[in-house]
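In UniProt numbering, the protein residues as written are 1 to 787. Backbone N, C-alpha and C define an ideal beta-carbon position, used for all residues, glycine too. Take a look at the structure set out below.
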Amino acid sequence: MDFRSIAHRYSTLLTPNSQTLARAVHAHILTSGFRPSPYILNRLIAVYCKSSNIRYARRVFDKIPQPDIVARTTLLAAYSSAGDVKLAKQVFRATPMSMRDTVSYNAMITAYSHGRDGHAAVWLFVEMKRKGFFPDSFSFSSVLGALSMIADEEKHCKQLHCEVVKCGVGNVTSVLNSLISCYVNCASSPLVSSSLVMGSARKLFDEMHERDELSWTTMIAGYVRSDDLGAARKLLDGMTEKIACAWNAMISGYVQHGFYNAAFELFRKMHLMGIQLDEYTYTSMISAASNAGFYKCGRQVHAYILRTEAQPSEHFILSVHNSLITFYTKCGKVVQAREIFNKMPVKDLVSWNAILSGFVNARCIEEANSIFKEMPERNLLTWTVMVSGLAQNGFGEEALKLFNQMRLEGLEPCDYSYAGAIMSCAVLGSLDNGKQIHSQVVRLGHDSSLSASNALITMYARCGLVESAYTVFLTMPYVDSISWNAMIAALAQHGRGVEAIQLYEQMLKEDILPDRITFLTILSACSHAGLVKEGRHYFDSMSACYDITPGEDHYARLIDLLCRAGLFSEAKNVTDSMPFESGAPIWEALLTGCRIHGNFELGIQAAERLFELMPQHDGTYIILSNMYATLGQWDEVARVRKLMRDRGVKKEPGCSWIEVENMVHVFLVDDAVHPEVQAVYKYLEQLVHEMRKLGYVPDTKFVLHDMESEHKEHALSAHSEKLAVVYGIMKLPLGATIRIFKNLRICGDCHNAFKFISKVVGREIVVRDRKRFHHFKNGQCSCGNYW
DNA sequence: GTAGGGTTAG
């Protein structure tokens, strides 16, 4: 067979799906010196482009001495869909003016549009007209897509609408679809009245002579985007054709707005009506199940897919499995999620990010870390998930390090990333860092972001500056229930229970619905302030007014509230009426109350139960041993100590820290490590002398009970919180508030001592311990000794 | 040779 006939056969066989043949032809060209016609070369480029083999396409292209406009446009379009605007532009620029035509302009406009550069696209559209090219329906579809990105006023859409009509494509369905989509996008701009613009879109839709799948889908998705689910549903119900995309848009709208039951109802209807369910339907439904916590429903969807999809496409497998990973992790089934992830034949970035955040949410930080290291590629989301995951799990330092590293790698953090960094500062109590990040947030315009601002509220509160937290809260352009919860929690942690309750009441007045977290917060606010009646009232309102079933955590806080107030019989009534067995949180609350009120009988009972439920928890042993010590039952003290030793339980060492000039200084009990600790001891000695003059008597009871301190007199002055406070007095500017942090609860003697210190040195001391804040000022503590 | 919608990761 000669070359000519081979060429002929190739040209008929080179369909877009014949990649193998394309390689054969290519090889033939390279090895035999065969010079195919431009037509064959163009086909070859097209086949390579179709199969995303752009590098081969480029090699063929570069071999052509004078590529024609078809070859150039094919390559340009391939770069465009691969998202490589730079190379697309290169090809376009290299095309001589005399060769260019409308199609090549259209392709380049689309390339800009894919590269999210709406201005460049519109500019090229204008240039193309100036150069005398007449825009066709493709030009309008492309430029309208670009315009959607930059138009924030209806008049922009209207302008192009006029041109569409002038150019005679005002009746072309595809152009009208793009135009509708343009109006729809514009409707989400804050500068326009959404209902007015949606009205214009709808008018176009109603006046169309012919509506295709896209018209219906665009219009329905448009209503969904402008939060008008009712209009979307009405349109869907009036649709006679069976258009899966339109149904998918509606379902996804329900899911995004949290109407999970409506989504499932529509899903069933879709199935009953015989509309083809596809990966888009399934992913939405699975995500509905994960968000709503409908484990059974999700399993059913999963099982249904396995039963019905015999030949799923690669795209189907990928997207469905990606959403399944999230589903299983959100339902607490990390093992299943991992299994699905491991078995996936092809993984993309979404899969990796899904499993990563699954581990992060399940608090499996080690696994998350190894996934993060293993990932073949990372994006902004990856880093953000990891930063906030580390922060949420208490690894503030690691989180901040990672945040800085992501910036070094040239990634521009988004508001969520900043929220993670701010939370790290909250965990560390690093006000200097927090303030710095706050100013960056403002500079970058992220201060209107909910996630960043909510994190700022928490950060300021946890660094001891409730007023700054309040300022953030009050200056937010809009707030959500998380903002309210954060602010109420801020007041609660600082013992300002009455204000916390007032804020909660205001939240109700503003028609914000409280959630489970709100009640946890408000109950502990009542607990810290001794507001028993109010606490009971709010607890009862949960199921009565808000249809929220109190969980074990809510019961535990109620019991904490009652026991702190010494109401043990009431607490018992509550535990008896609980719909479940008392777990560890309940017994812990009881034990805390018993410790405060010296109710040893019940306390010992609670402690013994806790030994069974969480044998590795150091706190129980310490409280129990202290109780026995107070009773003088030294045999029992010894027994508890032995039990602790035998079980290998280690007491978490007390440690306190303070920030001075952007540096965190850490002190341990009996610290000998900090370079300036000798000076600190010396200063403390002088201070105690002054304090004694005012009536301070060291309370040796606390030493007696401290299982780690063998040397009484010294141990008292060597508690880490004292060292940190003294260091602050020595190093911070005169009059500045001393803010220190402790990993455990503050010791009773230190609490007493700080009252005296605040008076002697005339400074405010703020202590954040494991549970709450203490503000010492002028010999008083804000907790009113109720802690 | 060129366009436009519905999904999954916080």
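Below 6 Å CB to CB, which residues in the same chain sit around S200 once its five sequence neighbours on both sides are set aside?
-> Position 200 of the first sequence, counted from the first residue, corresponds to residue 200. In chain order, Y183 place their CB closer than 6 Å to the CB of S200, counting only its own chain and leaving out the 5 sequence neighbours on each side.
What are the boundary residues of the beta strand (DSSP E) that R768 is part of?
-> Residue numbering aside, residue 768 sits at position 768 when the first sequence is read from its first letter. Unbroken beta strand (DSSP E) run through R768: I765 to R768.
Determine the contact status of R233 and M250, defining contact as a CB-CB distance below 8 Å.
-> For the purposes of this step, residue 233 is identified with residue 233 of the first sequence, where counting begins at 1. For the purposes of this step, residue 250 is identified with residue 250 of the first sequence, where counting begins at 1. A contact, by the Cβ cut-off of 8 Å.
Per DSSP, what kind of secondary structure is K722 in: helix, strand or coil?
-> Mapped onto the first sequence, residue 722 falls at position 722. Three-state DSSP puts K722 in a helix.
Rounded C-alpha distance that separates K86 from T73 | What you label residue 86 is simply residue 86 of the first sequence in a count that begins at 1. What you label residue 73 is simply residue 73 of the first sequence in a count that begins at 1. Linking K86 to T73 through their CA atoms gives a straight-line distance of about 15 Å.
By the 10 Å Cβ neighbour count, where 16 or more other Cβ atoms means buried, how is G632 classified, buried or exposed?
-> Here residue 632 corresponds to residue number 632 of the first sequence, with the count starting at 1. Residue burial is scored here from C-beta neighbours: G632 has fewer than 16 other C-beta atoms within 10 angstroms and is therefore classed as exposed.
Pairing CB atoms from the stretch 376-394 with CB atoms from the stretch 620-627, are three or more of them under 8 Å?
-> Segments in contact, no.
For the stretch 677-685 against the stretch 741-752, are there 3 or more C-beta pairs whose distance is under 8 Å?
-> Counting Cβ pairs under 8 Å, fewer than three are found: no touch.
Looking only at C-alpha atoms, which of A107, D101, Y56 and A525 sits nearest to S81?
-> Here residue 81 is taken as the residue at index 81 of the first sequence, counted from 1. If you compare the alpha carbons of A107, D101, Y56 and A525 with that of S81, the shortest gap goes to A107.
Can you tell me which of K343, I371, E366 and S481 puts its alpha carbon nearest to the alpha carbon of I355?
-> For the purposes of this step, residue 355 is identified with residue 355 of the first sequence, where counting begins at 1. Of the candidates K343, I371, E366 and S481, I371 places its Cα closest to the Cα of I355.
Determine the contact status of residue 809 and Y460, defining contact as a CB-CB distance below 8 Å.
-> Residue numbering for the chain in the displayed model covers 1 to 787; residue 809 lies beyond these limits and cannot be assessed.
Residues near M177 by beta carbon distance below 7 Å, same chain, minus five either side = One-based indexing of the first sequence puts residue 177 at position 177. Per the sequence shown, residue 177 should be read as Asn rather than Met. Only L214, S215 and T218 meet the Cβ criterion.
Count the other CB atoms, across all protein chains shown, that sit within 10 Å of the CB of Q66; report buried if there are 16 or more and exposed otherwise.
-> Within the first sequence, the letter at position 66 stands for residue 66. Exposed, by the Cβ-count rule.
Three-state secondary structure (DSSP) of F140 = Here residue 140 refers to the residue found at position 140 of the first sequence. Three-state result, F140: helix.
Environment of A310 [buried if 16+ CB atoms lie within 10 Å] = Against the first sequence, residue 310 aligns to sequence position 310. A310 is exposed by the Cβ-count criterion.
Same chain, Cβ closer than 7 Å to I220, neighbours up to 5 away in sequence not counted | In the first sequence, the residue the question calls residue 220 occupies position 220. So the list reads A232, L235, L236, A246, A249 and M250, once near-sequence residues are dropped.
At what residues does the beta strand (DSSP E) containing V760 begin and finish?
-> Walking along the first sequence from the start, residue 760 turns up at place 760. That residue, V760, is in no beta strand (DSSP E); its alpha helix (DSSP H) goes G748 to V760.
Among S424, W657, H114 and A362, the one whose alpha carbon lies nearest that of Q336 = Residue mapping note: residue 336 aligns to position 336 of the first sequence, counting from 1. The shortest C-alpha separation from Q336 is found at A362.
Cβ-based neighbour list, H774, same chain, cut-off 6 Å, excluding 5 preceding and 5 following = Working through the first sequence from its first residue, we reach residue 774 at position 774. The answer, listed in chain order, is V767, C781 and C783.
Relative to the alpha-carbon of P477, which residue among T458, R462 and G445 has its alpha-carbon at the smallest distance?
-> Here the question's residue 477 lines up with position 477 in the first sequence. Residue G445 is the option with its Cα nearest to P477.
Using the Cα positions of F138 and V175, report the straight-line distance between them to the nearest angstrom.
-> Working through the first sequence from its first residue, we reach residue 138 at position 138. Working through the first sequence from its first residue, we reach residue 175 at position 175. For F138 and V175, the distance between alpha carbons rounds to 8 Å.
Separation of V143 from Y112, as counted between CA atoms | Walking along the first sequence from the start, residue 112 turns up at place 112. Walking along the first sequence from the start, residue 143 turns up at place 143. When the Cα atoms are used, Y112 and V143 turn out to be separated by approximately 10 Å.
Quick one: what does DSSP say C783 is sitting in, helix, strand or coil?
-> In the first sequence, counting from the first residue as 1, residue 783 sits at position 783. If DSSP states are grouped into helix, strand and coil, C783 belongs with coil.
Report all residues from its chain with a CB closer than 7 Å to the CB of H689; omit the five preceding and five following residues, and keep chain order.
-> Counted from its first residue, the first sequence places residue 689 at position 689. In its chain, beyond the 5 residues on either side, no residue has a beta carbon closer than 7 Å to the beta carbon of H689.
Give, in chain order, every unbroken run of the alpha helix (DSSP H) that is at least 4 residues long and sits entirely within the stretch 86-160.
-> Correct list: 102-114, 118-130 and 137-150.
Start-end ranges of the beta strand (DSSP E) lying completely within the stretch 585-666, minimum 3 residues = The stretch 585-666 contains these whole beta strand (DSSP E) runs: 655-660.
Starting from the N-terminal side, write out each stretch of the alpha helix (DSSP H) that is 4 residues or longer and does not extend beyond the stretch 308-385.
-> As far as the stretch 308-385 is concerned, its whole alpha helix (DSSP H) runs of at least 4 residues are 314-330, 334-343, 349-361 and 365-374.
Thinking just about the alpha-carbon of each residue, which of G238, H271 and A289 is nearest to the one in F259?
-> Within the first sequence, residue 259 is the residue found at index 259, counting from 1. When each option's Cα is compared against that of F259, the closest is A289.
Have a look at P135 and K155 and give me their C-alpha separation to the nearest angstrom.
-> Working through the first sequence from its first residue, we reach residue 135 at position 135. Working through the first sequence from its first residue, we reach residue 155 at position 155. A straight line joining the alpha-carbon of P135 with that of K155 spans about 20 Å.
Identify which residue in N778, Y223, L732 and K771 has its Cα closest to the Cα of H528.
-> Within the first sequence, residue 528 is the residue found at index 528, counting from 1. Comparing alpha-carbon positions, the option among N778, Y223, L732 and K771 lying closest to H528 turns out to be K771.
Locate the alpha helix (DSSP H) running through R739, then write down its first and last residues.
-> As a position in the first sequence, residue 739 is number 739, starting the count at 1. The continuous stretches of alpha helix (DSSP H) do not include R739, which lies in the beta strand (DSSP E) extending over residues I738 to K742.
So, do the stretch 487-501 and the stretch 518-536 have three or more beta carbon pairs nearer to each other than 8 Å?
-> Two segments are said to touch when three or more pairs of C-beta atoms, one from each, lie closer than 8 Å; by this definition the stretch 487-501 touches the stretch 518-536.
Alpha-carbon to alpha-carbon, V197 and P190 = Locating residue 190 in the first sequence gives position 190, counting from the first residue. Locating residue 197 in the first sequence gives position 197, counting from the first residue. Going from the Cα of P190 to the Cα of V197 covers about 12 Å.
For L668, three-class secondary structure by DSSP | What you label residue 668 is simply residue 668 of the first sequence in a count that begins at 1. Correct three-state label for L668: strand.
Taking just the CA atoms, how far does N785 sit from L694?
-> For this step, residue 694 is matched to residue 694 along the first sequence. For this step, residue 785 is matched to residue 785 along the first sequence. Within the model, the alpha-carbon separation for L694 versus N785 is close to 19 Å.
Cβ pair I243, L204 closer than 8 Å = Mapped onto the first sequence, residue 243 falls at position 243. Mapped onto the first sequence, residue 204 falls at position 204. For I243 and L204, no; Cβs fall outside 8 Å.
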